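Here the structure comes first, spelled out in structure tokens, and everything after it is commentary.
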Amino acid sequence: MSRALQGIVDIVDTIGNTPMARLSSVEGLGAAVCSAELVGKLEYMNPGGSIKDRVAKHIIKQLDTQGTPKDALLVVAGPGNLAISLAMLQRRLLCLVPERTSSDRIRLLKAAGITDIVRTLDGALPGSPEHPVQIGRRIVEQRGHGAVYVDEEQGQWDLALCYEELAAEMVAQCGGKVDALVLGVDTGNAATHLARALRETTPGVQIVGVEPANSAIGEQTISNPLARRWLCEDIGRAYAPPALEAGAIDMWMQVSDAVAYSMARRLITGGIHAGPAAGASVAAARTYAAAAGLQKSSRVVVLLGDTARNYGDTLLSDEWMLAHDLLDARMLGDLQRRQLGQYRGASIEDLQLPAAVTVRAEDSIGAAVALMGENDFSQVPVTGAHRRLVGYLTLSAAQTLLDSGVASPSSPVSRFMLRFAGSDSAEQRGSNVRHRRYWLITPETPLSELARFFETHSVAFVTDASRKFCLGIATKQDLMSFLSRRNTFQF
1 MSRALQGIVD IVDTIGNTPM ARLSSVEGLG AAVCSAELVG KLEYMNPGGS IKDRVAKHII
61 KQLDTQGTPK DALLVVAGPG NLAISLAMLQ RRLLCLVPER TSSDRIRLLK AAGITDIVRT
121 LDGALPGSPE HPVQIGRRIV EQRGHGAVYV DEEQGQWDLA LCYEELAAEM VAQCGGKVDA
181 LVLGVDTGNA ATHLARALRE TTPGVQIVGV EPANSAIGEQ TISNPLARRW LCEDIGRAYA
241 PPALEAGAID MWMQVSDAVA YSMARRLITG GIHAGPAAGA SVAAARTYAA AAGLQKSSRV
301 VVLLGDTARN YGDTLLSDEW MLAHDLLDAR MLGDLQRRQL GQYRGASIED LQLPAAVTVR
361 AEDSIGAAVA LMGENDFSQV PVTGAHRRLV GYLTLSAAQT LLDSGVASPS SPVSRFMLRF
421 AGSDSAEQRG SNVRHRRYWL ITPETPLSEL ARFFETHSVA FVTDASRKFC LGIATKQDLM
481 SFLSRRNTFQ F
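In UniProt numbering, the protein residues as written are 1 to 491.
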């Protein structure tokens with residue numbers, strides 16, 4: 001059943017009513033492997049990318065009811081998702097975020113105009129000067145003038161209705177059949193209120209709380225935070241948060257970073273673009289279903305709380321995942337084959353590229369366009385004094401310039417080419433010529449390195465080591481053709 005279309009609304013009105021999807025398309029979660037039906041509540045599809053949009057919406061309502069001015073400074077503590085949601089709703093913020101918070105979230109907050117961002121110690125204990133509550137309250141005292149401290153953990157906000165709405169959505173989407181809910185636990189609010197709401201409408205439902213290995217929420221204790229380290233964001237604490245109601249969780253499960261991140265990668269491959277905390281919850285749901293002996297008729301709902309798009313430098317980076325040993329054996333093997341096995345030590349010389357056809361910087365754009373048309377080229381390298389490569393001109397750009405009248409056929413290529421940084425002549429410095437960083441690529445460059453280059457570039461200009469002569473042009477198509485000939489095509 002498709003979601004009902006809405007007319008034009010305010011952004012706040014797009015929060016909630018997120019889809020539910022079967023997870024059977026994800027590797028390792030199909031009917032042949034998993035003993036129960038796993039379905040995901042796709043909270044990362046809220047407009048701000050996380051379940052915290054719902055929380056922000058209700059906090060804003062309560063602030064408005066209290067008469068708090070809309071331009072009041074909100075001092076917000078948390079991993080960053082709540083701040084992102086409040087920024088989306090046009091509030092003025094100062095953010096307190098843990099050291100582990102991803103740089104992608106920081107960049108998003110800055111792009112939203114939030115420049116006051118304070119990093120706090122991972123695992124700081126309640127009452128300590130380093131704890132976000134203490135820092136936040138000191139800042140509010142210093143700022144004064146109506147500044148408000150916003151923290152889900154302290155129970156200052158009534159979030160019952162927020163999660164009752166979410167529970168009602170899940171029950172309705174599941175036709176009233178929810179045998180278990182699996183969710184990551186951080187502040188404790190979601191676990192507490194969802195457990196209450198679901199137990200009222202679906203008696204017998206089991207609530208499974210998920211936290212990272214080394215987290216102490218399920219232990220209901222306070223311990224040394226220095227011994228409580230993990231990478232997975234949005235779940236886990238070095239202590240039991242006060243907002244977590246005793247008895248809310250029927251079963252606790254801890255998940256290692258490696259399992260959480262690997263499962264998140266599997267989710268992405270299966271079309272579910274959720275983050276590491278969701279990966280931890282899905283992995284826990286699979287283990288729970290097997291341990292509880294659930295049958296195929298049982299339905300386990302997994303809360304997928306935030307988007308993978310906030311983890312460009314971590315979850316989505318092969319290099320970061322490899323450096324932190326977070327890839328499972330199958331993924332590690334695939335990555336190693338892609339990086340090394342595909343090319344078997346081959347270099348650009350093995351592509352057998354034809355000799356480069358170039359134009360000179362002083363040649364006309366008309367002549368360059370004619371040359372590219374005759375040879376079916378999309379771009380042509382441009383050489384300067386002593387045939388040294390200085391830049392390139394694309395066919396699409398040249399035709400646009402000519403069609404718009406910005407350039408005439410007799411205009412020199414040097415006026416409109418894309419010039420490599422550091423290749424200007426004295427008279428060209430200070431002009432409006434566009435520049436691009438130059439990457440030295442030679443016939444000896446390994447194809448594995450060329451493949452990484454093509455992750456962010458469309459064309460490679462091959463020169464000698466001194467960049468004196470342009471020897472050839474390589475594109476991704478050349479690389480794919482080479483792999484096809486070797487029968488190792490894996491794109």
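Using N, Cα and C, we set each Cβ at its ideal position, and we do this for glycine too. In this text the structure is predicted, and so the values were computed from the model without any measurement.
If I measure Cβ to Cβ from Pro241 and keep anything under 6 Å in the same chain, skipping five residues before and after, which residues do I get?
Within the sequence shown, numbered from 1, the residue matching residue 241 stands at position 241. Contacts found: Glu153, Thr187 and Gly188.
Euclidean distance between Cα positions of Ala87 and Arg388
Numbered from its first residue, the sequence shown carries residue 87 at position 87. Numbered from its first residue, the sequence shown carries residue 388 at position 388. Taking the straight line from one Cα to the other gives about 50 Å.
Identity of the residues DSSP links to Pro212 by a beta bridge
Here residue 212 refers to the residue found at position 212 when the sequence shown is read from its first residue. Partner(s): Val255.
Check this for me: beta carbons of Arg237 and Ser215, under 8 Å apart or not?
Within the sequence shown, residue 237 is the residue found at index 237, counting from 1. Within the sequence shown, residue 215 is the residue found at index 215, counting from 1. Yes; because the gap between Cβ atoms is below 8 Å, this pair is in contact.
My output table needs one value for Leu93: the three-state DSSP class, helix, strand or coil.
Here the question's residue 93 lines up with position 93 in the sequence shown. Strand.
Can you round the beta-carbon distance between Ala195 and Ala36 to whole angstroms, since I take them to be within the 8 Å contact cut?
Numbered from its first residue, the sequence shown carries residue 195 at position 195. Numbered from its first residue, the sequence shown carries residue 36 at position 36. About 20 Å separates the two Cβ atoms, so there is no contact after all.
Which listed residue (Arg360, Met263 and Gly391) has its alpha carbon closest to that of Tyr438
Your numbering for residue 438 matches position 438 in the sequence shown. For Tyr438, the nearest C-alpha among the options comes from Gly391.
Over the uninterrupted beta strand (DSSP E) stretch that includes Met20, give me the two end residues.
As a first step, residue 20 must be located in the sequence shown, where it is residue number 20. Note, Met20: beta strand (DSSP E), Met20 to Arg22.
Measuring only the C-alpha atoms, how far is Ile473 from Leu479?
Taking the first residue of the sequence shown as 1, we reach residue 473 at position 473. Taking the first residue of the sequence shown as 1, we reach residue 479 at position 479. Ile473 and Leu479: Cα-Cα distance of roughly 12 Å.
Under DSSP, the beta strand (DSSP E) around Lys177 begins and ends at which residues?
Along the sequence shown, read from residue 1 onward, the residue named residue 177 stands at position 177. Per DSSP, Lys177 belongs to no beta strand (DSSP E) and is neither H nor E.
Cβ-based neighbour list, Leu401, same chain, cut-off 6 Å, excluding 5 preceding and 5 following
Within the sequence shown, numbered from 1, the residue matching residue 401 stands at position 401. The answer, listed in chain order, is Ala407 and Phe416.
Give a yes or no on whether the C-beta atoms belonging to Glu27 and Gly405 are separated by under 8 Å.
For the purposes of this step, residue 27 is taken as the residue at position 27 of the sequence shown. For the purposes of this step, residue 405 is taken as the residue at position 405 of the sequence shown. Not a contact, by the Cβ cut-off of 8 Å.
Just the Cα atoms here: how many angstroms apart are Ala397 and Glu362?
To locate residue 397, count along the sequence shown from 1; it is residue 397. To locate residue 362, count along the sequence shown from 1; it is residue 362. Answer to the nearest angstrom: the Cα atoms are 17 Å apart.
Leu352, buried or exposed, once every other Cβ within 10 Å from all chains shown has been counted against 16
In the sequence shown, the residue the question calls residue 352 occupies position 352. The residue asked about is misnamed: residue 352 is Gln in this sequence, not Leu. By the neighbour-count rule (16 or more Cβ atoms within 10 Å), Gln352 is not buried but exposed.
How big is the Cα-Cα spacing for Arg360 and Ala451?
Taking the first residue of the sequence shown as 1, we reach residue 360 at position 360. Taking the first residue of the sequence shown as 1, we reach residue 451 at position 451. Approximately 29 Å, taken between the alpha carbons.
Taking Cβ positions, are Arg299 and Asp179 nearer each other than 8 Å?
Walking along the sequence shown from the start, residue 299 turns up at place 299. Walking along the sequence shown from the start, residue 179 turns up at place 179. Yes, these two residues count as a Cβ contact at 8 Å.
Along the alpha helix (DSSP H) that carries residue 503, what are the first and last residues, could you check?
Not covered by the structure: residue 503. The range shown for the chain is 1 to 491.
Determine the closest residue to Leu63 out of Val150, Phe420 and Glu455, with distance taken between C-alpha atoms.
The count along the sequence shown starts at 1 and reaches residue 63 at position 63. Residue Val150 is the option with its Cα nearest to Leu63.
Opposite Gln154 in the DSSP bridges: which residues?
One-based indexing of the sequence shown puts residue 154 at position 154. None; Gln154 has no bridge partner.
Could you spell out the range, first to last residue, of the beta strand (DSSP E) harbouring Thr400?
Numbered from its first residue, the sequence shown carries residue 400 at position 400. Segment Leu395 to Ser404 is the alpha helix (DSSP H) holding Thr400; no beta strand (DSSP E) there.
May I ask which residues mark the beginning and end of the beta strand (DSSP E) holding Pro381?
Numbered from its first residue, the sequence shown carries residue 381 at position 381. Start and end: Gln379 to Thr383.
State the CB to CB distance for the pair Asp122 and Asn310, rounded to an integer number of angstroms; the pair is presumed to be in contact (CB under 8 Å).
Translated into positions along the sequence shown, residue 122 becomes position 122. Translated into positions along the sequence shown, residue 310 becomes position 310. Not confirmed; about 17 Å, so no contact.
Given a threshold of 16 other Cβ atoms within 10 Å of its Cβ, counted over all protein chains shown, does Arg419 qualify as buried or as exposed?
By 1-based counting over the sequence shown, the position of residue 419 is 419. It is buried - the Cβ of Arg419 has at least 16 other Cβ atoms within 10 Å.
Which of the three DSSP states is assigned to Leu303 in this structure?
For the purposes of this step, residue 303 is taken as residue 303 along the sequence shown, with counting starting at 1. Correct three-state label for Leu303: strand.
For Val382 and Arg119, I'd like the C-alpha separation in whole angstroms.
Indexing the sequence shown from 1 puts residue 382 at position 382. Indexing the sequence shown from 1 puts residue 119 at position 119. Distance between the alpha carbons of Val382 and Arg119: 48 Å.
Can you tell me where the alpha helix (DSSP H) holding Ile11 begins and where it ends?
The sequence position of residue 11 within the sequence shown is 11, counting from 1. Element bounds for Ile11: n/a, residue is neither H nor E.
Does DSSP put Ser411 in a helix, a strand or coil?
Mapped onto the sequence shown, residue 411 falls at position 411. Coil, per DSSP.
By how many angstroms is the C-alpha of Gly67 removed from the C-alpha of Cys95?
As a first step, residue 95 must be located in the sequence shown, where it is residue number 95. As a first step, residue 67 must be located in the sequence shown, where it is residue number 67. Going from the Cα of Cys95 to the Cα of Gly67 covers about 22 Å.
Phe461 (DSSP reduced to helix, strand or coil)
Against the sequence shown, residue 461 aligns to sequence position 461. Note: Phe461 maps to strand in three-state DSSP.
In the structure shown, what three-state DSSP assignment does Ile249 receive?
In the sequence shown, counting from the first residue as 1, residue 249 sits at position 249. Ile249 falls in the coil class under three-state DSSP.
Assign Ile8 to buried or exposed, taking buried as 16 or more other Cβ atoms, counted over all protein chains shown, within 10 Å of its Cβ.
Residue mapping note: residue 8 aligns to position 8 of the sequence shown, counting from 1. When all chains shown are included, Ile8 counts as exposed.
Since Ala323 contacts Gly275 with CB under 8 Å, what's their CB separation in whole angstroms?
Here the question's residue 323 lines up with position 323 in the sequence shown. Here the question's residue 275 lines up with position 275 in the sequence shown. So it is not a contact: roughly 19 Å between Cβ atoms.
Use the C-beta contact count for residue 492: other C-beta atoms within 10 angstroms, 16 or more gives buried, fewer gives exposed.
This structure cannot settle anything about residue 492, because the visible part of the chain is limited to 1 through 491.
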